[in-house]
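Colleague:
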Amino acid sequence: MKKHILIVPGDGIGQEVTEVGKAVLVKIAEKFGHEFTYDEALMGHVAIEATGNPLPDETLEKMRNSDAILFGAVGHPKYDNDPTAKVRPEQGLLKMRKELGLYANLRPIKLFDELLGASSIRPEILKGSDILFFRELTGDIYFGEKGRKNDNNTAYDIAEYSRYEVKRIARKAFEAARTRGKRLCSVDKANVLETSRLWREVVQALAPEYPDITVEHQFVDAAAMMLIKDPKRFDVVVTANLFGDILTDEASQIAGSMGMLASASVGDSTGVYEPIHGSAHDITGKGVANPLASVLSAALLLDISFGLKEESEAIISAVDKLLKDGFRTRDIADATTPADKILNTQQAGEELLKRI
Ligand code: IPM
Ligand code: MN
């Protein structure tokens with residue numbers, strides 16, 4: 001198979017982990033006889049520094065012309081405590097989602113058995129958890145009108161959803177539930193929000209088309225509690241942009257570490273694959289970041305954008321083997337991990353490539 005992949009490392013540890021993600025793609029191509037070509041582009045803080053724009057036109061052009069995008073992270077602490085900054089790395093991310101029509105964000109919460117002890121949740125509650133989140137990614141309070149009024153003394157962000165937007169993400173979630181445990185939980189705040197009432201209406205209207213799927217509706221506050229209390233009761237979850245942002249960070253603890261979670265953003269054109277963790281400037285440059293989320297993102301890329309199931313599985317089982325052999329990066333190590341099994345980013349990459 002011939003494919004062109006764009007690598008967008010972005011900021012902070014994005015640079016370090018994406019290097020490993022790419023190395024894995026190179027290895028897979030070699031092993032399975034594919035011809036992957038690569039290009040690289042700037043986004044986020046590094047793009048602002050170079051061009052003044054967090055998503056330069058040149059990057060967007062390269063994105064449109066590639067078959068899939070392996071993405072790192074964007075962000076820089078310099079903006080976090082400066083609410084007045086007019087240009088911010090995150091604007092590039094939001095613009096990319098909108099421009100590429102990436103309305104569906106898939107966040108699989110997959111728990112590797114070896115990491116049962118790495119979570120702050122008790123193992124007997126966690127064991128067997130396997131959740132797939134569908135977070136809507138191009139609507140909601142993220143993209144509605146926002147501004148200031150009353151002489152700058154009041155601020156507002158408008159949440160908006162159209163029937164069409166809810167329907168297309170809900171459909172994707174129903175379809176996915178079909179290939180899994182056949183249970184779909186739609187999360188909203190329909191007791192308060194009008195957007196949520198529309199959301200629930202649309203999901204209820206679709207349900208008869210999927211008689212094989214058991215549909216449940218939960219309010220977001222209850223769902224947040226239930227995720228920790230009994231994560232096994234969830235199979236596929238579909239929710240709005242902001243709720244999905246928050247719930248998936250929470251759910252990352254089910255997998256032991258943010259450093260293990262991959263995501264796929266898909267929709268109208270080129271798919272984007274990225275870790276759910278951020279740029280982590282506190283550990284940037286130290287070479288200790290866990291590259292497995294980027295590696296698992298590469299696995300999602302092969303599966304979803306290219307339909308290469310076997311190749312994708314080969315990556316996942318290599319990760320599995322690495323963990324079974326006792327290796328850990330710092331974030332997933334515990335008091336019982338022997339010092340010689342603790343790997344830095346580069347070593348984790350090398351050990352992984354050996355197992356593919
Ligand atoms: C995410 C991130 C982004 C979001 C930020 C960086 C804008 O937290 O991808 O989950 O809120 O969507
Ligand atoms: Mn987030």
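To convert, note that position 111 of the sequence shown is 111 in full-length UniProt numbering; the numbers rise steadily by one, no gaps.
We put the beta carbon where it would ideally sit given N, CA and C, even for glycine.
1) Report the three-state DSSP secondary structure of ASN241 (helix, strand or coil).
2) Determine the extent of the beta strand (DSSP E) in which ASP320 is found, giving its start and end residues.
3) Three or more beta-carbon pairs under 8 Å between the stretch 165-184 and the stretch 279-292, yes or no?
4) Across the stretch 57-67 and the stretch 90-103, are there enough close Cβ pairs to call them in contact, namely three or more that are closer than 8 Å?
5) Quick check: the Cα distance between ASP235 and SER186, rounded to an integer number of angstroms?
6) Is it true that the CB of LEU116 sits closer than 8 Å to the CB of PRO108?
7) Between LEU55 and ALA47, how many whole angstroms is the CB-CB distance? I'm expecting something under 8 Å.
8) Quick check on this structure: which residue in PRO89, LYS172, THR37, THR84 has the alpha carbon closest to the alpha carbon of GLY12?
9) Quick one, which of LEU106, ILE213, PRO208 has its alpha-carbon nearest ALA251's?
10) Alpha carbon to alpha carbon, how far is GLU145 from THR138?
11) Within 10 angstroms of the Cβ of ALA104, are there 16 or more other Cβ atoms? Answer buried if so, exposed if not.
12) Does the Cβ of ASP140 lie closer than 7 Å to at least one heavy atom of the ligand MN?
13) Express the C-alpha separation of VAL166 and ILE158 in angstroms, rounding to a whole number.
14) Does the separation of the CB atoms of LEU198 and ARG163 fall below 8 Å?
15) Could you check where the beta strand (DSSP E) with ILE5 kicks off and where it finishes?
16) With hydrogens ignored, establish whether the beta-carbon of GLU90 is closer than 7 Å to any heavy atom of the ligand IPM.
17) Would you report the Cα separation of PRO77 and LYS95, rounded to the nearest angstrom?
18) Would you call the CB atoms of LYS3 and PHE36 closer than 8 Å?
19) Closest to ILE169 by C-alpha separation, out of ALA155, ALA333, ASP140, would be which residue?
20) Specify the secondary structure class of GLY92 as computed by DSSP and reduced to three states.
21) List the endpoints of the continuous beta strand (DSSP E) containing ILE228.
22) When the distance is taken between beta carbons, is ASP249 closer than 8 Å to ASN290?
23) Which one of GLU313, ALA318, ASP230, GLU114 has the shortest CA to CA distance from ILE121?
24) How about the stretch 148-156 and the stretch 200-220: do they share at least three Cβ pairs that are nearer than 8 Å?
25) With DSSP collapsed to three states, give me the class of GLY33.
26) Assign ARG64 to buried or exposed, taking buried as 16 or more other Cβ atoms, counted over all protein chains shown, within 10 Å of its Cβ.
27) Identify whether VAL215 lies in helix, strand or coil by the three-state DSSP scheme.
28) For the stretch 98-173, which segments carrying the alpha helix (DSSP H) assignment without a break, of at least 4 residues, lie completely within its bounds, in sequence order?
29) Does the beta carbon of ILE48 fall short of 7 Å from some heavy atom of the ligand IPM?
30) On the three-state DSSP scale, how would you describe GLY349?
31) Does the beta carbon of ASP249 fall short of 7 Å from some heavy atom of the ligand MN?
32) Report back the beta-carbon spacing between ARG355 and LEU322 to the nearest angstrom; my notes put them in contact at under 8 Å.
33) Looking at the secondary structure, which residues open and close the beta strand (DSSP E) in which ASP188 lies?
34) Under the three-state reduction of DSSP, which class applies to PRO56: helix, strand or coil?
35) So, are the CB atoms of VAL17 and PRO275 less than 8 Å apart?
Modeller: Checking against the coordinates, here is how it stands:
1) helix
2) Per DSSP, ASP320 belongs to no beta strand (DSSP E); it is in the alpha helix (DSSP H), 309-324.
3) no
4) yes
5) 11 Å
6) no
7) 7 Å
8) PRO89
9) LEU106
10) 13 Å
11) buried
12) no
13) 17 Å
14) yes
15) 2-10
16) yes
17) 20 Å
18) yes
19) ASP140
20) helix
21) From DSSP, ILE228 is part of no beta strand (DSSP E) but of the alpha helix (DSSP H) over 220-229.
22) no
23) ASP230
24) no
25) coil
26) exposed
27) strand
28) 123-126
29) no
30) helix
31) yes
32) 6 Å
33) 183-188
34) coil
35) yes
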